[in-house]
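In terms of my numbering, the sequence shown opens at residue 227 and continues consecutively. In what follows, a structure is listed as structure tokens, so that the remarks can point back to it.
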Amino acid sequence: MVAPYLSNTRPDFRAFEIDCGTIPACRFRGDLQSELEAGRIDPATAVQLLESMLMIRELEEMIVRLRSGAYEPLPEFNYRGPTHISVGQEAASVGACSALALKDFITSTHRGHGDGLARGYHAIQAMTEEQLRKRVARCGAASRHELIEEALEDHVYRMIAELFGKEDGYCKGRGGSMHIADFSVGHLGANAIVGGSVPIATGAAVGARYLGNGAVVCCFAGDGAFANGVVLESLNFAAQSQFTNEMAGDHRFGVPIIFLVLNNHYGMTGRTEEVMGIAHLARRAAGFSDCNMHAEIVNGMEVLAVRDTTLRAVEKCRRGEGPVFLDVNTYRYYGHSLSDPRNEYRTREEEAAWKTVDPIAAYEKQLLDCKLLDEAGLAALRAQVQRRNACAAQRAAASPDPEPADVIKYMYTHTSAEEVPARFRNAAIAGELPAIKRTDGQLTYRDAIKEALMEEMRRDARVIFYGEDVAEYGGAFKLSKGLLEAFGRDRVFNAPISEAAICGTAVGAAMVGLRPVVELMYMDFALMSGDQIGNQAAKWHYMSGAQVEVPLVIRASVGGGKGYGGQHSQTLESIFTHVPGLYVVYPSTPYDAKGMLKSAIRDNNPVMFVESQLLYGEKGPVPDDEYLVPLGVADIKRTGTDITIVGWGPAIPDALKAASRLQADVGASVEVVDLRSLIPLDVETVLRSVRKTGRCVVASHCVTMGSFMGEIVSTIQENVFDYLDAPILRVGAKNGIAPQSHILEAAFLPNADDILAAAKALL
Ligand SMILES: Cc1ncc(C[n+]2csc(CCOP(=O)(O)OP(=O)(O)O)c2C)c(N)n1
Numbered sequence: 227m228v229a230p231y232l233s234n235t236r237p238d239f240r241a242f243e244i245d246c247g248t249i250p251a252c253r254f255r256g257d258l259q260s261e262l263e264a265g266r267i268d269p270a271t272a273v274q275l276l277e278s279m280l281m282i283r284e285l286e287e288m289i290v291r292l293r294s295g296a297y298e299p300l301p302e303f304n305y306r307g308p309t310h311i312s313v314g315q316e317a318a319s320v321g322a323c324s325a326l327a328l329k330d331f332i333t334s335t336h337r338g339h340g341d342g343l344a345r346g347y348h349a350i351q352a353m354t355e356e357q358l359r360k361r362v363a364r365c366g367a368a369s370r371h372e373l374i375e376e377a378l379e380d381h382v383y384r385m386i387a388e389l390f391g392k393e394d395g396y397c398k399g400r401g402g403s404m405h406i407a408d409f410s411v412g413h414l415g416a417n418a419i420v421g422g423s424v425p426i427a428t429g430a431a432v433g434a435r436y437l438g439n440g441a442v443v444c445c446f447a448g449d450g451a452f453a454n455g456v457v458l459e460s461l462n463f464a465a466q467s468q469f470t471n472e473m474a475g476d477h478r479f480g481v482p483i484i485f486l487v488l489n490n491h492y493g494m495t496g497r498t499e500e501v502m503g504i505a506h507l508a509r510r511a512a513g514f515s516d517c518n519m520h521a522e523i524v525n526g527m528e529v530l531a532v533r534d535t536t537l538r539a540v541e542k543c544r545r546g547e548g549p550v551f552l553d554v555n556t557y558r559y560y561g562h563s564l565s566d567p568r569n570e571y572r573t574r575e576e577e578a579a580w581k582t583v584d585p586i587a588a589y590e591k592q593l594l595d596c597k598l599l600d601e602a603g604l605a606a607l608r609a610q611v612q613r614r615n616a617c618a619a620q621r622a623a624a625s626p627d628p629e630p631a632d633v634i635k636y637m638y639t640h641t642s643a644e645e646v647p648a649r650f651r652n653a654a655i656a657g658e659l660p661a662i663k664r665t666d667g668q669l670t671y672r673d674a675i676k677e678a679l680m681e682e683m684r685r686d687a688r689v690i691f692y693g694e695d696v697a698e699y700g701g702a703f704k705l706s707k708g709l710l711e712a713f714g715r716d717r718v719f720n721a722p723i724s725e726a727a728i729c730g731t732a733v734g735a736a737m738v739g740l741r742p743v744v745e746l747m748y749m750d751f752a753l754m755s756g757d758q759i760g761n762q763a764a765k766w767h768y769m770s771g772a773q774v775e776v777p778l779v780i781r782a783s784v785g786g787g788k789g790y791g792g793q794h795s796q797t798l799e800s801i802f803t804h805v806p807g808l809y810v811v812y813p814s815t816p817y818d819a820k821g822m823l824k825s826a827i828r829d830n831n832p833v834m835f836v837e838s839q840l841l842y843g844e845k846g847p848v849p850d851d852e853y854l855v856p857l858g859v860a861d862i863k864r865t866g867t868d869i870t871i872v873g874w875g876p877a878i879p880d881a882l883k884a885a886s887r888l889q890a891d892v893g894a895s896v897e898v899v900d901l902r903s904l905i906p907l908d909v910e911t912v913l914r915s916v917r918k919t920g921r922c923v924v925a926s927h928c929v930t931m932g933s934f935m936g937e938i939v940s941t942i943q944e945n946v947f948d949y950l951d952a953p954i955l956r957v958g959a960k961n962g963i964a965p966q967s968h969i970l971e972a973a974f975l976p977n978a979d980d981i982l983a984a985a986k987a988l989l
């Protein structure tokens, strides 16, 4: 049924009520015996659930004992790093991961050892012999059982090696406990930012829907995360009705994601029910879709209950009925970390009550009752898990550390999408491409960007484009008008007004194989998505030990110069140059804008592509033929010998004006170096110019204080101080806030006169 407000665009104020329906709790009433009898689980899988939970508990208890020096296999080992232990929560991780297929994905949290171990364990069990052989690089004869054991040993070893910060760890010691990831089995990463992985998971689900591969994303997140803005944005993003799924003639919408709340009832120490206005987190889901996201409350201490609910959730997602919201009630026995004694905020009685429903003890009893294991079998399984873990820990402790010289290795990737896989090459178009008007071989800066986007979307079907109002309306600056009609709504869509989710979903979509381009209507709004740009997009290639590349482009439009005041006028690229892992570029001409956007879309690094609204209407020559402008290469826009002006963005046209006037006024010969790309920075072109001229002005529209202009000044003086005949001057915006009044804004922004005055002062 379509809700009245979905179809109602006319005023209709007849009285009605919204029925929020009901949310079931603890639906699973079976046990192992009934599951076996119903054929919903086989005996081998039933035992695997226990082994998987034991592996988690063993690893977590190892960390506890390592911290106090009481872990016998490694008595002297100095364990550094976080200790967010998940003992008590094993059934949630295992029940959920055992319900997923190999092609599915998970994201996890700072308390993610259990999720990572379980994902690897059950993925290994689901692998074919060929996949297992590949995983353990085994060529000789081995039974399936031996291959699995070898793969499990390797799995535990690489998990522990990562916890120990070793080169053999899943992330080569670059990620550690809170960022552990294994992309080979679709584990897209634990995340140290509470809620940080939720938009990534949502983007992965957007990608899975687009690719039509039937994959489902299970997004583990703590209860505390569901007060976080980007998490709520993600719930909204995932449930959008424009994500239609036509299944068997039925109209459904949403993306295939399970928001699985690991609800242990506490944030760090605060009680979740005290900092939220609801008794049950499942109720959150009611605000985001008319079917309450099929929300359920689940007994998270019972592995079969979690497995049953997740299996049903996965089925729903595969049928095009996602998202699903599971509020899995569980408990962590230890404190937030091992430095938290838990005294201040909860009682020992409460803890004891939860321990009476311990997930492992209860499940062991069921296995014994069903005679799938006897006491000896149980003891043997426990001993095997312990032995595997101890061997892995000893091996990991003795394994090589990363080389200090490699400290920033993996920060950037040096690859790009030169070859488009056949499946995505020369994408079919849904309608006609919008015409772009070329006059005397010239295009506006706006149309140059549009043409680049169109060409790349045509070249590679993995390129999708979204942002606020970019579809029918064509974006606030009409840059994308006609792209929806040309490429269809799967590739061009309006995003909700959720900048953090826009950037975060792009990260997730990129991780699963797309190449998203997203638009931020004004660059000021990038501050809304600071975490997703700075902590997620920028860092995942490095933190994963180069397991994953994050090819995405964030097009950010700068509004300065239009009298829009302090929150729509900022030139903020300097902030992003301070975030290692991002590329930051800012073209000043239509030619560069087109060639650089094409390069940015093909590059496998995340790129912040900054555009100036002041330049959108400016025309310049743009050839018809295919060309690229490489990132990281500055351009000399005018050659000269007496003084260098280094700049970027809209400061370049001003610098060129100043140069002409300087030539006319005092006969000085000015060289104008357009950086185009701030990161990577073409240091050599700048230094070569300054060596020649001995004088330099650095110009941009950034607020001068703390801007990237200072970085250029430092670089010049560190490297070619001896060549300088005068101090280097900066010409930027005033150290203030952009005003609305045009008189004040003119005084605020730098112009050709300011650059001219600075250059004259140096001469
Ligand atoms: C954005 C952010 N804010 C604060 C923190 C500090 N912090 C780490 S874990 C945590 C509590 C998270 O609670 P929850 O999401 O319920 O997960 P749990 O720790 O209970 O597993 C906090 C506040 C953080 N890592 N990230």
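Virtual Cβ for every residue (Gly too), placed ideally from N, Cα, C. None of these values were measured; they are calculated from a predicted model.
### Query
Should M494 be listed as close to ligand 1, given that the test is whether its C-beta is under 6 Å from any heavy atom?
yes
### Task
Tell me where the alpha helix (DSSP H) around R781 begins and ends.
Here R781 belongs to no alpha helix (DSSP H); instead the beta strand (DSSP E) covers V779 to V784.
#### Entry: Three-state class that DSSP yields for S933 in the structure shown
coil
### Message
Measuring CB atoms only, is the stretch 548-563 touching the stretch 455-469, in the sense that at least three cross pairs come out at less than 8 Å?
### Response
yes
### Task
Consult DSSP for T919 and reduce its assignment to one of helix, strand or coil.
helix
### Task
Check whether the Cβ atoms of V912 and K863 sit closer than 7 Å, and answer yes or no.
no
### Query
Nearest to G962 by CA position, among Q943, M749, T797 and G693, is which residue?
T797
### Message
Is any non-hydrogen atom of ligand 1 found closer than 6 Å to the C-beta of N490, if you look at the structure I gave you?
### Response
yes
### Query
For ligand 1, any of its heavy atoms closer than 6 Å to the Cβ of D449?
yes
### Task
Taking 7 Å as the cut-off, decide whether the C-beta atoms of V442 and V540 are in contact.
yes
### For L300, the three-state DSSP class (helix, strand or coil)
coil
### Task
Could you tell me the boundaries of the alpha helix (DSSP H) in which S825 lies?
P816 to R828
### Task
Take every Cβ of the stretch 875-882, pair it with every Cβ of the stretch 932-939, and state whether three or more of those distances are shorter than 8 Å.
no
### Query
In the DSSP assignment, what are the bridge partners of M473?
D476
### Query
Is DSSP giving G295 helix, strand or coil here?
coil
### Query
Does DSSP put P847 in a helix, a strand or coil?
strand
### Start-to-end residues for the beta strand (DSSP E) that takes in E745
V743 to L746
#### Entry: Beta-carbon proximity list for I386, same chain, < 6 Å, skipping 5 on both sides
A618, A619 and A622
#### Entry: Outcome for P849 when other beta-carbon atoms lying within 10 angstroms are tallied against a minimum of 16
exposed
### Message
For E773, which residues in the same chain have their Cβ closer than 6 Å to its Cβ, ignoring the five residues on either side in sequence?
### Response
Reading off the sequence, residue 773 comes out as Gln, not Glu. Here the set comprises F409.
### Query
Given E844, which residues of its chain have a CB within under 6 Å of its CB, disregarding the five upstream and five downstream residues?
Y671
### Message
For D757 and G513, I'd like the C-alpha separation in whole angstroms.
### Response
24 Å
### Query
Are G342 and E316 closer than 7 Å when you measure CB to CB?
no
### Continuous beta strand (DSSP E) stretch holding A447: start and end
V443 to G448
### Query
Where does G787 sit, in a helix, a strand or coil, going by DSSP?
coil
### Query
When burial is assigned at 16 or more other CB atoms within 10 Å of the CB, is G496 buried or exposed?
exposed
### Query
If we ignore side chains and look at the alpha-carbon of each, how far apart do F242 and K542 end up?
30 Å
### Query
Is it true that the stretch 852-866 meets the stretch 825-838, where meeting means three or more beta-carbon pairs spaced less than 8 Å apart?
yes
### Query
Would you call the CB atoms of Y589 and L276 closer than 7 Å?
yes
### Query
What are the boundary residues of the beta strand (DSSP E) that S460 is part of?
Per DSSP, S460 belongs to no beta strand (DSSP E); it is in the alpha helix (DSSP H), G455 to A464.
### Message
Relative to the C-alpha of K581, which candidate in A984, E570 and R558 has its C-alpha closest?
### Response
R558
### Query
If we call anything under 7 Å between Cβ atoms a contact, is N720 one with A697?
yes
### Query
R741 to V633, Cα distance in whole Å?
28 Å
### Query
Which one of K676, N615 and L659 has the shortest CA to CA distance from I282?
N615
### Task
Measuring alpha carbon to alpha carbon, tell me which of C517, N518, R914 and I523 ends up nearest A505.
I523
#### Entry: CB of C444 within 7 Å of CB of I586, strictly
no
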